[in-house]
Structures are given as C-alpha cells and as structure tokens.
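**Q**
2 protein chains.
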Amino acid sequence: MATQRILDFLATRRPDGPCLVVDLDVVHDNYRAFEKALPDSKIFYAVKANPAPEILKLLANLGSSFDTASVAEIEMALDAGATPDRISFGNTIKKERDVARAFELGVRLFAVDCVEEVEKVARAAPGARVFCRVLTDGAGAEWPLSRKFGCVPAMAVDVLRSAKVLGLDPYGVSFHVGSQQTDLSAWDRALDDARFVFQTLAEEGIVLKMVNMGGGFPTRYLRDVPAAQAYGQAIFTALRKHFGNRLPETIIEPGRGMVGNAGVIKSEVVLVSKKSEDDDVRWVYLDIGKFGGLAETMDEAIRYPLVTKHDGGETAPCVLAGPTCDSADVLYEKTPYPLPISLTIGDEVLIEGTGAYTTTYASVAFNGFEPLRAYVI
Amino acid sequence: MATQRILDFLATRRPDGPCLVVDLDVVHDNYRAFEKALPDSKIFYAVKANPAPEILKLLANLGSSFDTASVAEIEMALDAGATPDRISFGNTIKKERDVARAFELGVRLFAVDCVEEVEKVARAAPGARVFCRVLTDGAGAEWPLSRKFGCVPAMAVDVLRSAKVLGLDPYGVSFHVGSQQTDLSAWDRALDDARFVFQTLAEEGIVLKMVNMGGGFPTRYLRDVPAAQAYGQAIFTALRKHFGNRLPETIIEPGRGMVGNAGVIKSEVVLVSKKSEDDDVRWVYLDIGKFGGLAETMDEAIRYPLVTKHDGGETAPCVLAGPTCDSADVLYEKTPYPLPISLTIGDEVLIEGTGAYTTTYASVAFNGFEPLRAYVI
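Taken in sequence, the protein lines are chains A and B.
Numbering follows full-length UniProt numbering, with no gaps: position 67 of the first sequence is 67.
Numbering follows full-length UniProt numbering, with no gaps: position 16 of the second sequence is 16.
As structure tokens, then:
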C-alpha cells in the first residue's frame with residue numbers, strides 16, 4: 001500500500017523522525033470508487049478522519065460534501081472551497097453556541113439523537129434540517145461504536161416529531177454500522193430500523209426524505225475486505241428491500257474508507273531487547289506509539305501492516321511498543337507481531353493503512369515528543 | 001481540592017471552553033512534603049507529568065532535579081534554570097542521536113535496561129553514569145506498568161557489567177512500583193531486588209552507588225492514600241533492612257504525586273440524554289474527554305472526583321463521555337458515575353486531581369477541538 005510516489009518521496013526527502021505521507025492519487029481513486037459503487041448517494045467525507053487542507057481541497061474539487069464534528073472542522077471545509085450547503089454538522093453532542101456559529105456560517109443540516117439536542121438546534125438554527133441518529137448493535141465491526149451515539153428507533157420517532165413541533169425540518173435518519181464493518185448485512189439491519197422510523201412518522205403526516213448511512217467502510221489492513229462495489233451492491237439491495245420504489249435520498253460518510261489506505265507512516269526502530277535471557281519474545285520499540293498518532297491500536301483493535309527491508313526472512317513474535325515513558329504505550333502485546341529476526345536498531349518500519357485517524361489523534365507534546373508530522377503529496 | 005485561588009481565578013477570568021488551572025502553592029507544598037518525608041533522597045521531578053514552564057521554574061528554584069523522557073524535556077528543564085547535573089535522561093528507549101544531543105547539553109546520567117541501550121550510551125555519551133531499571137510486578141498499583149520498562153534482576157547484573165566494560169560508570173539501579181501505588185510493601189520487594197544487583201556486582205568489584213526509587217507516589221483521587229510521611233517511613237525502613245548501614249544514594253521521581261492534586265479542570269456539560277425512554281442510566285457529555293486530556297480514564301483506570309454546584313442533592317448513575325464523534329471517547333461506563341439528578345446542559349463540572357498527565361496527553365486537534373489550555377497561577 002506504500003505507493004511508488006510515497007516511496008519516492010521518502011527516498012528523496014528522507015524526513016527525520018516519524019511522519020505520515022499521504023498520496024492524493026489514492027484519495028482521488030477512492031472517491032471515484034465510492035461514486036461508482038453508490039452512484040445515487042451523496043458523499044460526505046468525514047473530516048475527522050484526516051483534515052489535511054490538501055485532502056479537503058481535492059475532495060471539494062471532486063464534488064464531495066463534508067461531515068463535520070466541530071465549528072473548526074466546518075471552517076476547514078469552507079476554507080477548502082465547500083459551500084455551506086455541502087456541510088453537515090454531524091456531531092450529536094454540540095454546544096448551543098457552536099450550533100449558532102455553524103448556522104451563522106450557513107450550515108443547515110444537523111445531527112441529533114435526543115429531544116434536548118433538538119431544542120438547542122431549534123433555538124440556535126431555526127428552520128434547519130435535522131436527522132436523528134439511530135443506535136445500531138455494531139456486530140461485525142472491528143471497532144463497535146458502543147452506545148455513545150444515537151437512540152433506539154422508537155425514541156427517534158419522538159425526537160423527529162419534536163423537531164417538527166419546534167419548527168425544524170425533520171429530514172431523515174442516520175446510523176453508523178461500526179468502524180471497519182465487514183458484515184454486509186449490518187446495513188440491511190440498520191436500514192430496516194430506518195424504514196420503521198420513516199413509516200411511523202409518515203402515518204402522522206411527517207415525511208422524512210433522507211437516510212444517512214454513515215461510515216464504517218473498511219480500509220484494507222491485514223485482511224482483505226469486500227471491495228467498494230460489493231458494499232454498494234449490498235446497500236442498494238437493502239434499500240430496495242426496505243423502501244421499495246420510494247427510495248430516500250442517501251448520504252454516506254466515508255472517512256477511513258476514503259483516506260486510510262492512502263497514507264503510510266515512516267518510523268524507525270529505536271530499540272530491540274529482551275527482559276530476560278529466557279524470553280522468547282523480543283520487545284521492539286518504535287519512535288511512534290499510541291500517543292504519537294497510533295491511538296487506534298487501543299485494545300489492539302486495529303492491526304496495521306508493517307513493512308521492513310528484511311521482509312521475507314525468518315520472523316519471530318515481537319511485542320511492539322512506542323517510545324514514551326508510559327507503560328500503556330504498547331501497540332501489540334496480547335497478540336505479538338511476527339517481525340523479521342534480522343530487524344535491528346535504526347531500521348525503517350513503514351506502517352501502512354495509516355492515512356486516517358492518526359495525525360489528529362497525536363498528543364500535543366507527551367513526553368516532549370512533537371506531534372506526528374504529515375506530508376500530503 | 002479546588003483551592004480558593006483556583007476558584008477565584010475561574011470566577012474572575014471565566015475562561016471559555018475546557019481548561020486546566022494549576023495552583024503553584026500546592027506544588028510548593030508537595031515538594032516540601034517530599035523533602036520532609038525522604039530527607040536523604042534527591043527529588044527528580046518527572047517532567048512528563050506536567051512540563052508547564054511555571055512549574056519547572058518553581059521546582060528548579062526549590063532545588064529539585066529533573067527526570068526527563070526526551071531531548072525536548074531536557075531543554076525545558078534547562079530553560080527553567082536547572083543545571084545539567086540535575087537532569088536525568090530517564091527514558092530507557094532513546095535514539096542514539098538523542099543520547100548524543102543530551103550529552104552535548106551536559107547530561108551525564110542515563111537510564112538503561114538492556115545491553116543494546118548501554119552500547120548506544122557508551123558510543124554517544126562516553127564515561128556517563130548509567131542506572132539499570134529492574135522490572136517490578138506492579139502489584140498494588142492502580143495502573144501497573146506492564147513489562148515495558150526494565151529487565152529481570154539477573155539481567156540487570158549483566159547490563160551494568162557491560163556498562164563497566166564499555167567505559168561507562170555503572171551507577172545504580174532503578175525501579176518503578178507502578179502508578180498510584182498504595183501498597184507500601186511494594187517498595188520493600190523492589191529494594192530487595194536492588195540489593196541483589198548491588199551485592200552480586202560488589203562481589204565482582206563493581207560498586208554501585210545509587211538506587212532510583214522512581215515514582216508511583218499517589219495523588220488523592222477518590223480514595224485517601226497514605227500520606228507522604230507514611231511512604232517515607234516505609235521506604236526508609238526497607239532501605240535499612242536491605243542495605244543496613246551502607247545506605248546508597250537514593251533518588252525519587254514523583255510526577256503525579258507532585259502536581260496531580262494541584263490542578264483542576266473546568267468543564268461544561270454539553271448534553272444530558274437517554275438512549276431510550278426505559279433507560280435507568282443517563283448519558284452526560286462533557287466538553288472534554290479522552291482525547292482532550294483525560295487519557296488516563298483509559299479502562300476507567302483513574303476515577304477523578306467531580307464537583308458540581310448541585311452536590312449534596314439526590315444522585316443517579318451516569319455514563320460520562322467526551323464531546324468527540326469517537327465512540328471510544330467515553331470516560332466512565334462500566335462503573336457509572338453517580339451525579340446529581342439536577343445536573344443539566346451548560347452546568348460547570350470541576351474535575352479534580354488533574355494537574356498531572358492531562359495537558360500533554362491532549363490530542364493536537366482531534367475532531368477539530370483545540371488542545372487543553374492550561375493556566376498556572
């Protein structure tokens with residue numbers, strides 16, 4: 001997944017310290033693949049996945065809309081050339097003053113998942129469109145989403161009804177099937193919930209128009225994942241099944257699926273050691289860890305592919321850890337990572353599939369280490 | 001633990017958004033308490049706990065030395081007025097070029113835990129003092145340290161012997177009993193390991209001089225912890241027991257114990273909601289979460305005391321979560337947090353005991369949210 005352009009950049013520029021390199025050509029291809037797989041859905045890129053200005057600008061030019069989590073992300077999308085009608089304030093947890101600021105900037109589409117949030121939007125963004133997020137069970141996802149966002153479908157009906165009462169435009173329903181979702185039937189189950197909300201409200205004369213199918217589109221880490229086309233087919237089939245000929249507008253919010261495989265982190269082996277002469281497992285310490293951008297290794301949830309110049313040689317299991325004095329800064333320990341026996345101090349390690357959810361997760365200065373630098377090429 | 005000075009600052013300045021306020025008077029008192037409890041130990045403040053320049057300057061003036069994790073932290077300590085002989089490069093995972101830079105800056109004391117690291121120090125910092133970190137089991141600690149740092153005592157003997165062979169000064173042994181250690185006998189067990197290394201090397205004519213007893217001194221969160229005096233007494237007793245009348249030089253490295261209780265984070269309730277009408281547990285969303293500075297709530301390890309203006313009224317269990325669109329950004333869920341029933345959107349929540357390991361953990365810009373601001377008063 002390290003493209004030739006990325007390899008050439010690293011070979012020529014030889015940046016010191018850990019860094020992320022993102023290949024815009026891959027982002028471009030991913031955008032086209034989503035367009036092709038789901039030609040009737042609007043693409044709202046999840047800015048939080050990687051808000052690099054070059055990425056936002058490319059996607060704005062390609063016609064993408066943007067799913068944002070904060071006023072700062074709205075401003076980034078605007079700076080990249082997106083008009084406010086292409087921006088959704090997709091965070092269900094918003095300060096009322098942030099809703100007001102978004103409204104002032106022209107944003108008219110807001111996520112909610114409870115009556116309390118509807119009330120804020122009604123006060124601070126009168127007349128705006130709202131969509132209600134529905135809880136899904138997250139089964140099949142590598143990183144299920146807990147119950148933090150959304151409400152049960154029956155409550156979503158109440159939420160959207162209250163939006164109508166308060167003068168807002170009850171626009172639709174959203175869900176998120178969980179990150180790195182590889183079970184295609186997850187969309188089917190969620191769309192059945194969406195249909196329930198549409199149908200119940202239709203009986204009261206409230207006609208919803210949109211289904212926001214969220215993200216969850218996986219990027220390729222160590223295992224192959226169904227390609228975008230397969231996702232598109234499964235989703236289209238489920239839409240037909242639940243909505244028949246009256247298909248709603250649909251939105252998708254790829255983040256990881258748009259940029260994950262476009263980025264590679266270059267790191268360096270700082271130390272290889274054992275804790276005891278009797279240990280079978282070596283400890284390999286990199287110059288990047290959980291607090292330097294690899295937060296998604298939490299609970300060893302995401303297992304990035306690693307590339308070294310010794311690949312192909314004999315391997316042995318390693319515990320992989322970051323460079324800080326924090327004992328929690330260990331990447332893979334429960335399931336040790338097989339790495340070449342000849343791997344040694346000073347060697348370069350490429351961490352693939354790291355275009356999403358890395359740079360912005362990096363800590364400001366933990367242990368004095370600077371945040372992850374990024375080059376978008 | 002919110003001192004009157006902190007409360008006055010917040011009342012007068014009314015900073016917008018989440019922020020940490022640290023009271024230097026508390027840091028001052030903590031330093032004096034450590035001095036009094038362990039009058040024969042040198043205090044090396046663990047800079048990573050909170051590297052705010054005002055804190056480093058205060059401690060430098062009080063006579064503190066500094067335990068550092070990186071070249072940047074060494075430079076911060078120097079900027080605060082510490083001379084290089086009061087600085088230890090305490091990270092066992094160092095790039096050789098960083099060792100060289102530290103040596104250039106005058107640092108002569110380095111942590112190691114394997115022969116490979118000794119070789120780097122020998123090349124880049126010839127003649128320097130090294131101490132070898134020994135693994136402890138971490139029993140009794142709220143946040144045990146895994147096996148990331150240190151080696152077994154038998155291997156520490158080899159490591160320090162190799163330091164001697166390579167022209168370094170094998171200076172001593174270090175250990176860390178685990179963070180928030182409340183079992184006073186943990187120091188006793190670790191000091192027994194230290195004695196083993198001292199004694200074994202003494203038989204070969206290598207005379208170690210120093211025991212670095214690390215950190216682990218707890219700060220008061222929800223439970224009372226033995227006061228500094230009790231720690232001092234227990235440690236002194238263990239030293240006598242294992243080293244008799246030939247007490248080594250000793251170093252302690254308090255971080256959390258020095259600044260944890262000196263800081264309070266001011267946050268705001270963004271949303272209070274339920275996921276279903278039938279839920280017993282409310283979700284309370286704050287404007288700060290795991291990626292905004294409260295990383296130590298990972299696995300609900302540390303349970304910070306929360307203060308609201310409704311305290312004293314009836315409470316009910318809440319799931320407490322942060323403001324980002326990340327489902328992992330939940331602070332307390334497995335063990336819900338009892339909070340006043342009357343707590344509502346817009347209320348201020350003070351998060352106490354947050355002077356350590358908060359600001360520097362904050363992510364650069366996750367979801368577009370700015371890092372945690374800090375005021376040191």
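We put the beta carbon where it would ideally sit given N, CA and C, even for glycine.
A quick note: this is a predicted structure, and the numbers were derived from the prediction, not measured.
Specify, as a first and last residue, the run of the alpha helix (DSSP H) that A:Pro153 falls within.
**A** Taking the first residue of the first sequence as position 1, residue 153 of chain A is located at position 153. Counting along the chain, the alpha helix (DSSP H) containing A:Pro153 begins and ends at 153–165.
**Q** What does DSSP give as the partner residues of B:Pro338 in its beta bridges?
**A** For the purposes of this step, residue 338 of chain B is taken as the residue at position 338 of the second sequence. DSSP lists B:Pro317 as partners of B:Pro338.
**Q** Tell me whether the segment 328–348 of chain A and the segment 264–282 of chain A touch, counting them as touching only if at least three CB pairs, one residue from each stretch, are closer than 8 Å.
**A** yes
**Q** Does the count of Cβ pairs from the segment 330–343 of chain B and the segment 83–94 of chain A closer than 8 Å reach three?
**A** No: fewer than three Cβ pairs fall under 8 Å.
**Q** Would A:Gly232 be called buried (16 or more neighbouring beta carbons within 10 Å of its own) or exposed?
**A** The residue you call residue 232 of chain A lines up with position 232 of the first sequence. A:Gly232 should be labelled buried.
**Q** Count the other CB atoms, across all protein chains shown, that sit within 10 Å of the CB of B:Glu314; report buried if there are 16 or more and exposed otherwise.
**A** Taking the first residue of the second sequence as position 1, residue 314 of chain B is located at position 314. When all chains shown are included, B:Glu314 counts as exposed.
**Q** Which whole runs of the beta strand (DSSP E) in the segment 266–302 of chain A are 3 residues long or more, in chain order?
**A** Fully enclosed beta strand (DSSP E) runs of 3 or longer: 282–286.
**Q** Under three-state DSSP, which class holds A:Tyr361?
**A** Counting from 1 along the first sequence, the entry for residue 361 of chain A is found at position 361. Helix, per DSSP.
**Q** DSSP beta-bridge partners for A:Pro170?
**A** Locating residue 170 of chain A in the first sequence gives position 170, counting from the first residue. In the DSSP assignment, the residues bridged to A:Pro170 are A:Val130.
**Q** Inspect the beta-carbon positions of B:Lys48 and B:Ile251 and report whether they are closer than 7 Å.
**A** To locate residue 48 of chain B, count along the second sequence from 1; it is residue 48. To locate residue 251 of chain B, count along the second sequence from 1; it is residue 251. No, Cβ-Cβ distance for B:Lys48 and B:Ile251 is not below 7 Å.
**Q** Please go through the segment 56–119 of chain A and give each complete alpha helix (DSSP H) segment of 4 or more residues, from N-terminal end onward.
**A** 71–79, 96–104
**Q** Return the residues of the segment 304–329 of chain A that lie within a Cβ-Cβ distance of less than 9 Å from chain B, sorted by chain order.
**A** Result list: Val319, Ala321, Gly322, Pro323, Thr324, Cys325, Asp326, Ser327, Ala328, Asp329.
**Q** State the Cα-Cα distance for the pair A:Thr3 and A:Gly244, rounded to the nearest angstrom.
**A** To locate residue 3 of chain A, count along the first sequence from 1; it is residue 3. To locate residue 244 of chain A, count along the first sequence from 1; it is residue 244. In a straight line, the C-alpha of A:Thr3 is about 42 Å away from that of A:Gly244.
**Q** List the residues of chain B whose Cβ lies closer than 9 Å to the Cβ of A:Thr200, in chain order.
**A** Reading the first sequence from its first residue, position 200 is the one you call residue 200 of chain A. Those do not exist, as A:Thr200 stays about 15 Å from chain B at its closest Cβ, beyond 9 Å.
**Q** Looking only at DSSP bridge pairs, what is B:Ala46 linked to?
**A** Taking the second sequence and counting its residues from 1, the one referred to as residue 46 of chain B is at position 46. As computed with DSSP, B:Ala46 is found in a beta bridge with B:Asp67.
**Q** In terms of residues, what are the limits of the beta strand (DSSP E) holding B:Thr324?
**A** To locate residue 324 of chain B, count along the second sequence from 1; it is residue 324. No beta strand (DSSP E) holds B:Thr324; DSSP gives it neither H nor E.
**Q** Starting from A:Leu208, trace the beta strand (DSSP E) both ways and give me its first and last residue.
**A** Taking the first residue of the first sequence as 1, we reach residue 208 of chain A at position 208. It is not in any beta strand (DSSP E) - A:Leu208 carries neither H nor E in the DSSP assignment.
**Q** Measuring alpha carbon to alpha carbon, tell me which of A:Pro254, A:Val27, A:Gly355 ends up nearest A:Gly178.
**A** Here residue 178 of chain A corresponds to residue number 178 of the first sequence, with the count starting at 1. Nearest option by C-alpha distance: A:Pro254.
**Q** Would A:Asp29 be called buried (16 or more neighbouring beta carbons within 10 Å of its own) or exposed?
**A** As a position in the first sequence, residue 29 of chain A is number 29, starting the count at 1. Around the CB of A:Asp29, fewer than 16 other CB atoms lie within 10 Å, so the residue is classed as exposed.
**Q** Compute every distance between the C-beta of A:Lys274 and the non-hydrogen atoms of the ligand FMN, then say whether any falls below 6 Å.
**A** This structure lacks the ligand FMN; in fact it carries no ligand of any kind.
**Q** Could you pull the DSSP bridge partners for A:Ile263 from this structure?
**A** Here residue 263 of chain A refers to the residue found at position 263 of the first sequence. A small fix is needed here, since residue 263 of chain A is Gly in this sequence, not Ile. Bridge partners of A:Gly263: A:Val22.
**Q** Let me make sure I understand the geometry here. Which of B:Pro18, B:Arg14, B:Phe44 has the alpha-carbon closest to that of B:Asp257?
**A** The residue you call residue 257 of chain B lines up with position 257 of the second sequence. The identity of residue 257 of chain B in the sequence shown is Gly, whereas the question assumes Asp. Out of B:Pro18, B:Arg14, B:Phe44, B:Phe44 has the C-alpha closest to the C-alpha of B:Gly257.
**Q** Using a Cβ distance threshold of 8 Å, determine whether the segment 184–199 of chain B contacts the segment 155–175 of chain B, with at least three qualifying pairs required.
**A** In this structure the segment 184–199 of chain B touches the segment 155–175 of chain B; the number of beta carbon pairs closer than 8 Å is three or more.
**Q** What does A:Arg147 touch in chain B if you count any residue whose Cβ is under 7 Å from its own?
**A** Here the question's residue 147 of chain A lines up with position 147 in the first sequence. Within chain B, the residues near A:Arg147 are Lys275.
**Q** For A:Glu370, which three-state DSSP category applies?
**A** Taking the first residue of the first sequence as 1, we reach residue 370 of chain A at position 370. It is coil, neither helix nor strand.
**Q** Counting only the same chain and skipping the five closest in sequence on each side, list residues whose C-beta sits under 8 Å from that of A:Phe291.
**A** Here the question's residue 291 of chain A lines up with position 291 in the first sequence. Here the set comprises Gly322, Thr324, Asp326, Asp329, Ala362, Ser363, Phe366, Asn367, Phe369.
**Q** Determine the chain B residues that contact A:Arg114 at a beta-carbon separation under 8 Å, and present them in chain order.
**A** Here residue 114 of chain A refers to the residue found at position 114 when the first sequence is read from its first residue. Strictly speaking, residue 114 of chain A in this sequence is Cys, with Arg absent from that position. Residues of chain B passing the Cβ test: Leu271, Ser273, Lys274.
**Q** Only counting the same chain, and skipping five residues up and downstream in sequence, which positions put a Cβ closer than 8 Å to that of B:Pro371?
**A** Locating residue 371 of chain B in the second sequence gives position 371, counting from the first residue. Only residues of its own chain outside the window of five on either side were considered, and among them Gly292, Gly293, Thr359, Ala362, Ser363, Val364, Ala365 have a CB closer than 8 Å to the CB of B:Pro371, listed in chain order.
**Q** Do A:Val22 and A:Ala262 have their CB atoms nearer than 7 Å?
**A** As a working mapping, residue 22 of chain A is identified with position 22 in the first sequence. As a working mapping, residue 262 of chain A is identified with position 262 in the first sequence. Going by C-beta atoms, A:Val22 is nearer than 7 Å to A:Ala262.
**Q** Could you check if B:Leu135 is buried or exposed, using at least 16 other CB atoms within 10 Å of its CB as the buried criterion?
**A** Looking up residue 135 of chain B in the second sequence gives position 135. So B:Leu135 ends up on the buried side.
**Q** Can you name the residues of chain A whose CB is closer than 9 Å to the CB of B:Leu135?
**A** Counted from its first residue, the second sequence places residue 135 of chain B at position 135. Per Cβ cutoff of 9 Å: Lys275, Ser276.
**Q** Would you be able to state if there are at least three C-beta pairs under 8 Å between the segment 122–130 of chain A and the segment 64–78 of chain A?
**A** no
**Q** Answer yes or no: does any C-beta atom of chain B fall closer than 7 Å to that of A:Gly263?
**A** Position 263 of the first sequence, counted from the start, is the residue given in the question as residue 263 of chain A. Output row for A:Gly263: interface = no.
**Q** Rounded to whole angstroms, what is the Cα-Cα separation between B:Gln229 and A:Met213?
**A** On the second sequence, position 229 is the one that residue 229 of chain B refers to. On the first sequence, position 213 is the one that residue 213 of chain A refers to. Between B:Gln229 and A:Met213, the C-alpha separation is close to 59 Å.
**Q** Could you give the distance in angstroms between the alpha-carbon of A:Met155 and the alpha-carbon of A:Val112?
**A** Counting from 1 along the first sequence, the entry for residue 155 of chain A is found at position 155. Counting from 1 along the first sequence, the entry for residue 112 of chain A is found at position 112. In a straight line, the C-alpha of A:Met155 is about 12 Å away from that of A:Val112.
**Q** Between A:Arg101 and A:Val71, is the Cβ-Cβ spacing less than 7 Å?
**A** The residue given as residue 101 of chain A occupies position 101 in the first sequence. The residue given as residue 71 of chain A occupies position 71 in the first sequence. A contact, by the Cβ cut-off of 7 Å.
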